[in-house]
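Peer 1:
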Amino acid sequence: MWRNRQRVGGKMRKPVLFTTAVSCLLSSAVVMATERAEKGWEMIQQGAWVVDVRTADEYAQGHLDNSVNFPLSEIQRHFASVDKDQPVVVYCRSGNRSGQAMNYLKSKGFTQVHNGGGLEEMLSEQ
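So the sequence shown is residues -33 to -1, 1 to 93, counted in mature numbering (1 follows the signal peptide of the UniProt record, and there is no 0).
And the structure:
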């Protein structure tokens, strides 16, 4: 089973390659997270709405200044009468729910929606 592995300096090479690959992926994820938060702040500085799509309880525990709380489950109702060209930055805890909100809004014709990622991510780039 281990016959095909090359030895480098008497040690197996594949674990080193795996560790390097994982390290590169994690570094890439951090760069992407930083970039999306930076773009979110740029949009906010230009007047974009800031929408927290977490639950009301999560929002009460801390949120970005000047944000509004529209939980993901209520996005459809809150955006029913909003101008579809209104710039919007959505965020949540990790970037997952805000990604879902962004995809939903784009599918409904909103043209300037950005996933800012998670709250901590946004705060770290403020």
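For glycine and all other residues, C-beta sits at the position ideal for the given N, C-alpha and C.
Leaving out the 5 sequence neighbours to the left and right, which residues in its chain are closer than 7 angstroms to His45 when beta-carbon positions are compared?
Peer 2: Contacts found: Phe37.
Peer 1: How long is the line joining the alpha carbons of Phe77 and Glu5, rounded to whole angstroms?
Peer 2: Distance between the alpha carbons of Phe77 and Glu5 is about 21 angstroms.
Peer 1: Can you give the Cα-Cα distance for Tyr58 and Ala27, rounded to whole angstroms?
Peer 2: Rounded to whole angstroms, Tyr58 to Ala27 spans 15 angstroms at the Cα level.
Peer 1: When the distance is taken between beta carbons, is Ser40 closer than 8 angstroms to Asp19?
Peer 2: Cβ atoms of Asp19 and Ser40: not closer than 8 angstroms.
Peer 1: In chain order, what residues of the same chain lie with their CB nearer than 7 angstroms to the CB of Glu87, ignoring the 5 residues before and after it?
Peer 2: So no residue of the chain qualifies.
Peer 1: In this structure, what does DSSP give as the bridge partners for Gly76?
Peer 2: Looking at the DSSP assignment, Gly76 forms no beta bridge with any residue, so it has no partner.
Peer 1: Got a sec? Which residues, its chain only, sit under 7 angstroms from Lys73 by beta carbon, not counting five neighbours each side?
Peer 2: The answer, listed in chain order, is Val80.
Peer 1: Provide the residue span of the beta strand (DSSP E) that contains Asp19, from first to last.
Peer 2: Run containing Asp19: Trp16 to Asp19, per the beta strand (DSSP E) assignment.
Peer 1: Give a yes or no on whether the C-beta atoms belonging to Arg3 and Gly84 are separated by under 8 angstroms.
Peer 2: Closer than 8 angstroms, so yes.
Peer 1: Considering only residues of the same chain and omitting the five flanking positions on each side of Ser(-6), which have a CB-CB separation below 7 angstroms?
Peer 2: Confidence at Ser(-6) is low in this model, with a pLDDT of 44, below 50, so its placement is unreliable and the value that follows should be read with caution. So the list is empty, once near-sequence residues are dropped.
Peer 1: Tell me, please, whether the CB atom of Phe77 is closer than 8 angstroms to any CB atom in chain B?
Peer 2: Here chain B cannot be found, since the structure has a single protein chain.
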